[in-house]
Structure formats: C-alpha cells, structure tokens
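Structure first, commentary second.
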Amino acid sequence: MHRYKDFKFWQMSRSFCKDIYLLTSKFPEDEKYGLVSQLRRASVSISSNIAEGCSRTSNKDFSRFLVIALGSCYEVETQLLLSYDLGFISKTDLENYTETLMSVVKMMSKFNSTLS
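For the sequence shown, our numbering begins at 38 and goes up steadily by one.
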C-alpha cells in the first residue's frame, strides 16, 4: 500500500479541486446543475481515485485507479474549455487551470509507468 498524502500529484489535485470550487462559485446560477456540478464532481474524482487506489494491495489495482483519475483530468480539461467557450471563465483562467491540471497528469502518468 502507498501513502497517498505523500504524493505531490495528490496534493496538487486536492488543491486544484478547491480552486475549481472557488472558480465555479462565480458561474451563472442556471449552471448549478450543469457545468458547475460536472466540474466539481470530476475534480473531486481525481484526488479521490488516487487515494482509493493507494488502498489497493497490488500495483495493477493501483494503476487502474490512476487511469481513472487521469480520465477525470481530461474530463475537467474539456469542461474548462467549454466554460471558456461559453464565456464563464477568462482565457487566463483557462490557461492557468489547464497548466496545473497538465502538471498533475504528467506526474501521475510518470508515476503510473513505474507500477508496471
């Protein structure tokens, strides 16, 4: 078993999730059950799947959860792009959030490649 709190990519994904909550609090009220909900759930899923994978006893199982977390990262990226397209976030926000997200993806992918 691994200690998820020690992973930099888990720490960053947790902080990123908080930032997504703050960002989406400024979205239009009619997006409460649309993009707001989707972005929040997908961002929560990243750190949650990392943590759940750490509880698994085999590297194969852990790797499966990291792949799910990676999928959530790309889901969030797509939703951020849609949020930009709809004028809910600025280009600067899009670039900053995407940069952070891609840092998490790179770290997690690199680590996942060591589990095989």
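A virtual CB, placed ideally from N, CA and C, is assigned to each residue, including glycine.
Residues of its chain near residue i, where Cβ-Cβ distance is below 7 Å and the 5 sequence neighbours each way are ignored
| i | result |
| --- | --- |
| Cys110 | Ile83, Leu138, Val141, Val142 |
| Arg51 | Ser84 |
Presumed contact (8 Å Cβ cut-off) between residue i and residue j, rounded CB distance
| i | j | result |
| --- | --- | --- |
| Gly90 | Leu103 | 6 Å |
| Phe46 | Ile87 | 7 Å |
Bounding residues of the alpha helix (DSSP H) (the contiguous stretch that carries residue i)
| i | result |
| --- | --- |
| Tyr41 | Run containing Tyr41: none; DSSP gives neither H nor E here. |
| Lys128 | 128-150 |
| Thr94 | Per DSSP, Thr94 belongs to no alpha helix (DSSP H) and is neither H nor E. |
Classification of residue i by the beta-carbon crowding that lies within 10 angstroms, buried from 16 upward
| i | result |
| --- | --- |
| Ser80 | buried |
| Met145 | buried |
| Tyr41 | buried |
| Tyr134 | buried |
Contacts around residue i, its chain only, beta-carbon distance under 6 Å, and the 5 residues preceding and following it disregarded
| i | result |
| --- | --- |
| Met49 | Val141 |
Contact check, residue i vs residue j, beta carbons under 8 Å
| i | j | result |
| --- | --- | --- |
| Thr94 | Leu76 | no |
Residues near residue i by beta carbon distance below 8 Å, same chain, minus five either side
| i | result |
| --- | --- |
| Leu72 | Thr61, Phe64, Gln116, Leu119, Ser120, Leu123, Phe125 |
| Asp56 | Tyr134, Thr137 |
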